[in-house]
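Since the structure comes first, as structure tokens, the remarks are kept for the end.
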Amino acid sequence: MAHHHSSSQPAPKAPSNPYVQATIVFRDVLQMPIEGLSVQIKAGAGAQPAPAWITGPDSDTDSAATSGAAAAPGPASVAMAASGPNASMPPMVANDIQVTTDRDGYAATIHNAARNQPIDVLVKNRRGEYVWKATVIPKKDICAFTVNSPEYHLEATTKLTPKDEFEQDLNLPVLKQGEVMTIERLVREFGPYIGWSQKVTEQGKVKKDFPTRHKETATDEKTKKQKTTITIEHHYKIVDTGKPHTVTLNVLGSRLNYPKPETFTEAQFTDMATHLGVEVAAIKAIVQQESQGHPFLENGLPPILYERRHFFDLAVAKRDGKHGSRQNIKNKKPPTNPYPEHPDLCFKGPDNYGAGGLHQYEKLARAAALDFEIALKACSWGGFQILGEYYASCGCATVFEFVNTFLSGTDGQAKIFISFMKNVKPRAVAGLKEHDWEKVAASYNGASWRKQNPDYASNLGKYYDQYK
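The UniProt record's numbering puts the first residue of the sequence shown at 1, with every later residue one more than the last.
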């Protein structure tokens with residue numbers, strides 16, 4: 001019996017869903033999860049406005065991210081499709097979300113990411129800035145993207161965790177050759193890096209020697225004896241050791257100022273001595289006692305000493321309306337600390353100076369965040385260690401002008417010293433003329449010099465004799 005044959009047409013292909021599901025996770029080079037990263041996920045350059053992202057965990061895509069394979073499509077991938085010609089479209093926005101990776105390195109699952117539209121992935125660095133790390137483009141109905149840390153990691157105390165690697169930020173401010181620093185720029189641009197160390201881990205490579213030995217035998221023409229000599233050829237190659245190494249960067253080791261001039265000249269010493277009517281050796285003795293003869297540190301900044309008790313007194317005076325004075329407040333109760341959470345920067349009582357040299361600038365930078373002007377006043381500056389609070393008596397309109405004069409070079413330091421001695425320390429000038437070192441100590445170093453620095457006067461005498 002014959003059968004009736006009818007031509008069958010293939011069913012029309014359903015249009016692609018304009019929305020897909022995208023999961024983003026973070027892994028290190030060993031595919032271990034990176035926990036605790038602050039991540040920003042946003043629509044990439046050229047992406048069209050789209051409905052607000054719907055995010056949340058998804059077990060299928062978690063497993064896909066871990067295994068590196070796409071998971072099977074789930075209902076979440078199609079739930080966002082328009083359900084008919086009359087379906088109302090949600091408002092279009094430029095999507096931007098911020099998340100923190102969990103213990104599995106999971107950042108987020110976007111259930112309605114726009115297909116074929118770029119998504120930028122950024123990670124917050126140690127300065128609090130989000131830095132671009134990757135751009136992903138979801139094309140399949142369900143996508144899993146793994147963002148890998150590009151670095152290897154040490155297993156020693158210098159180890160950088162995968163989280164640290166993503167937070168690396170080497171965009172350090174740089175001072176050009178010959179530039180003179182200002183205190184405003186130093187604190188605002190370089191301040192966040194003072195006392196800060198950045199560790200960078202790289203795959204280890206070494207220059208290794210592969211020597212080749214050659215034995216040569218020759219006959220001596222006179223003795224007719226054979227003589228054997230050995231020569232070695234050296235062949236050097238760069239070899240990947242498979243072990244990373246870490247380099248530590250620190251702005252404290254950088255050149256931060258180019259003062260002009262950088263040392264006191266004999267002409268400057270003579271000029272200061274002439275203005276004050278004292279001997280050159282007496283001026284040199286003070287510089288030696290106050291700064292070991294160095295008006296600038298190796299990085300070009302003048303030496304400073306941050307004094308937290310001065311900051312305390314000045315901050316209390318400012319808070320209580322007594323500007324420009326460190327007069328003790330004659331109240332029955334001692335004044336409360338304006339910044340009790342920073343006892344190392346603001347404290348009534350003996351100073352705890354800590355490490356000297358460059359590390360004093362770390363304190364200054366932190367104190368400047370509390371009160372910039374008072375922080376400068378609470379430091380003694382330069383080769384003569386003059387407190388910033390005396391700026392007005394030294395002929396400066398502001399403490400910022402005072403400090404920038406110190407930064408500019410030894411000409412500026414000498415000018416301020418002359419004004420300081422004439423206007424603030426006339427008794428010290430008299431002591432220098434009379435070679436009365438105890439009088440100089442009491443005036444220049446304070447009434448309690450015997451307790452705080454008992455060798456001050458004898459040192460002045462010793463240095464004077466040395467330079468005389």
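We treat Cβ as the ideally placed atom computed from N, Cα and C, and that holds for glycine.
In this text, all values refer to a predicted model and were calculated from it rather than measured experimentally.
Cβ-Cβ separation, residue j to residue i (assumed contact under 8 Å), whole Å
i      : j      : result
Ser291 : Gly383 : 5 Å
Ala315 : Pro338 : 4 Å
Gly178 : Tyr258 : 5 Å
Gln268 : Thr410 : 6 Å
Val20  : Thr146 : That belief does not hold up - the Cβ atoms of Val20 and Thr146 are roughly 17 Å apart, past 8 Å.
Val99  : Ile41  : 7 Å
Val180 : Ala107 : About 46 Å; that fails the 8 Å criterion.
Val278 : Val429 : 7 Å
Which residues DSSP lists as bridging residue i, in chain order
i           : result
Ala218      : Lys227
residue 501 : For the chain, the structure presents residues 1 to 468; residue 501 sits outside this window and is missing.
Arg27       : Pro33 and Asn148
Arg213      : Ile232
Thr109      : Thr23
Val99       : Val39
Ser380      : Leu305 and Leu387
Ile119      : Ala43 and Val136
Thr55       : Ile110
Ala397      : Ala397 is not bridged to any residue.
Val180      : Paired residue(s): none; Val180 is not in a bridge.
Cys143      : Ala22
Residue i vs residue j beta-carbon contact at 8 Å
i      : j      : result
Val123 : Val131 : yes
Thr109 : Thr23  : yes
Ala273 : Tyr464 : no
Arg103 : Glu35  : yes
Pro303 : Leu407 : no
Ala347 : Phe372 : Looking at the sequence shown, residue 347 is not Ala but Phe. Against a cut-off of 8 Å, the Cβ pair of Phe372 and Phe347 comes out as no contact.
Leu345 : Lys363 : yes
Ala50  : Ala114 : yes
Ile230 : Tyr361 : no
Lys342 : Leu370 : Note that residue 342 is His in the sequence shown, not Lys. In this structure, Leu370 lies closer than 8 Å to His342 by Cβ.
Cβ-based burial, residue i [other Cβ within 10 Å; buried from 16]
i      : result
Gly431 : buried
Phe210 : exposed
Met92  : exposed
Ala457 : buried
Lys215 : exposed
Asn308 : Strictly speaking, residue 308 in this sequence is Arg, with Asn absent from that position. The residue is buried, with at least 16 neighbouring Cβ atoms inside 10 Å.
Glu389 : buried
Lys330 : Low confidence applies here, because Lys330 scores a pLDDT of 48, under 50, leaving its location unreliable; read the following figure in that light. Exposed, because fewer than 16 other Cβ atoms sit within 10 Å of the Cβ of Lys330.
Ser448 : exposed
Ala392 : exposed
His112 : Note on identity: in this sequence residue 112 is Asn, with His being the wrong assignment. By the 10 Å Cβ count, Asn112 comes out buried.
His310 : buried
Asp96  : exposed
Tyr443 : Rather than Tyr, the amino acid found at residue 443 in this sequence is Ser. Looking at its Cβ environment, which holds 16 or more other Cβ atoms inside 10 Å, Ser443 is buried.
Asp28  : buried
Thr265 : exposed
Pro138 : buried
Thr398 : exposed
Lys284 : buried
Ala45  : exposed
Ala355 : exposed
Gly105 : buried
Ile232 : exposed
Ala94  : exposed
Pairwise C-alpha distance: residue j and residue i
i      : j      : result
Ala47  : Arg127 : 28 Å
Leu256 : Gly191 : 11 Å
Ala446 : Ser149 : The amino acid at residue 446 is misidentified as Ala; the sequence shows Gly. In a straight line, the C-alpha of Gly446 is about 57 Å away from that of Ser149.
Ile286 : Ser254 : 29 Å
Ala365 : Val403 : 14 Å
Gln117 : Pro18  : 10 Å
Ile119 : Leu175 : 36 Å
Thr270 : Ser419 : 16 Å
Thr336 : Phe296 : 36 Å
Ala52  : Lys133 : 23 Å
Tyr467 : Leu460 : 11 Å
Cys394 : Glu401 : 10 Å
Arg213 : Thr228 : 13 Å
Tyr353 : Cys379 : 11 Å
Ile386 : Lys462 : 22 Å
Val187 : Ile142 : 49 Å
Trp381 : Glu434 : 26 Å
Met421 : Pro261 : 22 Å
Ala317 : His294 : 33 Å
His359 : Thr405 : 21 Å
His275 : Val424 : 15 Å
Trp437 : Ala414 : 21 Å
Closer than 8 Å to chain D by CB, residue i
i     : result
Asp96 : Going by chain labels, chain D is absent from the structure shown, which holds only one protein chain.
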